[in-house]
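Written out below as structure tokens is the structure these notes cover.
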Amino acid sequence: MSVIPTFEVDSVTKVYQSRGRRGHAVDALRDISFTVAPGQSLGVVGESGSGKSTLSRLLLALEKPTSGSIRHRGEVISGRRERDLQDFRRRVQIVFQDPMSSLDPRMRVYDLLAEPLRALHIEVDEGERVRELLDSVEMPAAAARRFAYQFSGGQRQRIAIARALGPSPEVLIADEPVSALDVSVRAQILNLLTGLVQDFNLTMVFVSHDMAVVRHLCDSVVVLYRGRLVEMGATEEVFEHPREDYTRELLAAAPRLRAQRGLTSSS
Amino acid sequence: MSSAVLPNAPAAREVPADEAFADLERRGRWLRNPSVVIGGGIVALVVLSAIVSIFWTPYDPLAVNPAHALAAPSWAHWLGTDEYGRDEFSRLMASSQIALFVGALSVLIATAIGIPAGLLAAAREGAISQVVLRVTDILYGFPALLAAVVLAAAFGASKMTVVLAIGIAYIPVFIRVTRSNALVVLNSEYVLAARAYGRRTFSILRRHVVPNIATTIIAQMSLLFSLAILAEAALDFLGLGTVAPTASWGTMLASSQDYLGSDALLTLWPSLAIVACVLGFSLLGDGISELREARRRS
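Listed in order, the protein sequences are those of chains L and R. Mapping to the numbering used here: the first sequence position 144 is 150, numbers consecutive. Mapping to the numbering used here: the second sequence position 186 is 200, numbers consecutive.
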């Protein structure tokens, strides 16, 4: 293959050593390998506790794999010093699950959006860029003066997405970006994300437990089960002809899962 | 990529909450909280009397007038006079200077050391954190009274010995409060997000941790301020701090002891002043914490 992959995950294992007296180790991820090509939308699916969020932190170089390596555009990023990661940080951004906890409650939206620009020393007209970002997520410019808690969940997630777009990243990691939202606004946010991915030609890693959403958004998919990669391939292939029992179970469970979530979100 | 549009996506955008209304609500909350209003009122009164007493008191608080010793309250002497004929009201006013000075300076010393140490312990896990926490334990175990006695013996009793003794005694309190609150912020997703756009630990402390723990710290400062005033009065009473003839609530209490049987009012006035002042600062601290909790729940 002549194209340099956006991510090369090479037999990555992450073990969390628990602090207790027994000090037993928890395998969050075991021997994971896959690649993400530029422009690809990769879905990472699995139930909670399958290591999805650990994987997104590793891809962001916020944590170091216990063994194995992660490359971005051919360069190892795992375990690098922060000062060597500046370019990487500009190119790779994240949207978290819950915008209430991922936006600092003491900052106005303006500062929330300007912070990445300042931190990464991106030379732009700050005010102009903030307006632009708000516009790209279909929020009014007046929103800049308010705090995140003054908005609804869907609007907050728009702000979080705008923040991630600030440094003009090439890669967007979306860690369950709609799971914390009301069912009624999920579709809006997902449509926004797909639109942005197309407009800005983003590579996306979409972490989710929702098979239907992944099928909709992603062209390929990896399935995690208890920290192991059990299946990977083109989305249609995996969904039409799942080779692993677990994938079949996940697919079969999807409608039931959705019904349960509907109940919890209304309570 | 599969088709972009999901079915049933509502087109209407959510309506933003009315901005002016939200701002009004935020402003009003402070004045609707009784703890803040009453506590703040008392604190303002004490501060005002301390400031006024610098320039003016009804009588010179140190002026002795044996002819009017132990006078009962009257128009001339609102709260009466003490055993040397000094005006009680003037002495109470002058004392509030010392109370506020000792309270402010000791809390300042405690925060100046305690907050940075607490942030350090939160931000750096491992050896540094352990060292800070062990030092905290040692300071906790060292009684403030003993420190005051040692300092008074070494440097002579003065309000500075009281300031140092109380200030050092409160350092571990601020280390713990700062550390535990900072840890909550440092483990939040917005800090994770900040790391993902390249913020380093120091910037994160400055931009995210400090603003988010500030209210808690201020509430704690107010509470400890009240305790410092109480401790100051106690140390003065024991003769380990401000010494006669300078007026302070503690020294006034000490000298009034001999007249408890005949002129109990001399004991009452400084006691009331101490109680009011302690109540004021702790109410204010409580009120600030309450508002913070309310904000968190919203």
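Ideal Cβ positions, reconstructed from N, Cα and C, are used throughout, including at glycine.
Around L:Tyr-116, the same chain offers Val-136, Ala-150 as residues with beta carbons nearer than 6 Å, after the five sequence neighbours per side are excluded. Within chain L, the residues placing a beta-carbon under 7 Å from that of R:Leu-206 are Leu-68, ordered along the chain. Looking at the DSSP output, L:Asp-16 shares a beta bridge with L:Ser-75.
Pairwise C-beta distances place the stretch 124-136 of chain L out of contact with the stretch 153-166 of chain L, as fewer than three of them are shorter than 8 Å.
About 6 Å separates the beta carbons of L:Pro-173 and L:Ile-128, which is inside the 8 Å limit, making them a contact pair. At least one C-beta of chain L is nearer than 9 Å to the C-beta of R:His-222.
If you draw a straight line from the Cα of R:Ala-113 to the Cα of R:Leu-178, it comes to about 14 Å. Of the residues assessed, L:Glu-134 falls on the exposed side of the cut-off, its CB having fewer than 16 other CB atoms within 10 angstroms. In the DSSP annotation of this structure, the continuous segment of the alpha helix (DSSP H) that includes R:Ser-120 starts and ends at 102-137.
Taking 9 Å as the cut-off, the Cβ atoms of L:Gly-52 and L:Phe-212 do not count as close. The distance from the Cβ of L:Asp-33 to that of L:Gly-233 is about 5 Å, consistent with a contact at the 8 Å cut-off. Residue-level contact by beta carbon holds for L:Pro-173 and chain R, with a gap shorter than 9 Å. Runs of the alpha helix (DSSP H) spanning 4 or more residues and lying entirely within the stretch 86-165 of chain L occur at 92-97, 105-108, 115-125, 132-142, in chain order.
With respect to the C-alpha of R:Asp-96, the residue from R:His-82, R:Arg-46, R:Trp-89, R:Ala-108 having the closest C-alpha is R:His-82. The Cβ neighbour count for R:Asn-201, taken over all protein chains shown within 10 Å, is under 16; the residue is labelled exposed.
With 16 or more neighbouring CB atoms inside 10 Å of its own CB, L:Val-229 falls in the buried class. Residues of chain R with a Cβ closer than 8 Å to the Cβ of L:Asp-104 are, in chain order, Glu-203.
Around the C-beta of L:Val-177, 16 or more other C-beta atoms lie within 10 Å, and the residue is accordingly described as buried. Within chain R, the C-beta atoms nearer than 7 Å to that of L:Arg-112 come from Pro-225, Asn-226, in chain order.
In this structure, the CA atom of L:Ile-76 is about 6 Å from the CA atom of L:Val-82. Linking R:Trp-92 to R:Glu-139 through their CA atoms gives a straight-line distance of about 59 Å. L:Val-244 and L:Ser-214 have their C-alpha atoms spaced approximately 15 Å apart. For R:Ser-49, the enclosing alpha helix (DSSP H) starts and ends at 48-69. DSSP places L:Phe-40 within a strand segment (E or B) once states are collapsed to three. By the beta-carbon neighbour count (other beta carbons within 10 angstroms, threshold 16), R:Ser-276 is exposed. Judged by DSSP secondary structure, L:Phe-212 falls within the beta strand (DSSP E) whose first and last residues are 209-214. Per the Cβ contact rule, the stretch 95-110 of chain R is in contact with the stretch 71-81 of chain R (3 or more Cβ pairs under 8 Å). Secondary structure at R:Ile-189: helix, using DSSP grouped into helix, strand and coil. By the criterion of at least three beta-carbon pairs nearer than 8 Å, the stretch 33-42 of chain L is in contact with the stretch 9-23 of chain L. Contact residues of the stretch 135-148 of chain R toward chain L are absent (C-beta to C-beta distance below 7 Å). Setting aside the 5 residues that flank it on each side, R:Pro-259 is surrounded in the same chain by Leu-76, each with a C-beta closer than 7 Å to its C-beta; the list follows chain order. Rounded to the nearest angstrom, the gap between the Cα atoms of R:Phe-188 and L:Asn-197 is 48 Å.
Annotation: Cβ neighbours of L:Glu-88 in chain R (cutoff 8 Å, chain order): Gly-212, Arg-214. Per DSSP, the continuous beta strand (DSSP E) segment holding L:Arg-234 begins and ends at 234-240. With respect to the 9 Å criterion, R:Gly-253 and R:Ala-171 are classified as neighbours on the basis of their beta carbons. In the structure shown, the three-state DSSP call for R:Val-78 is coil.
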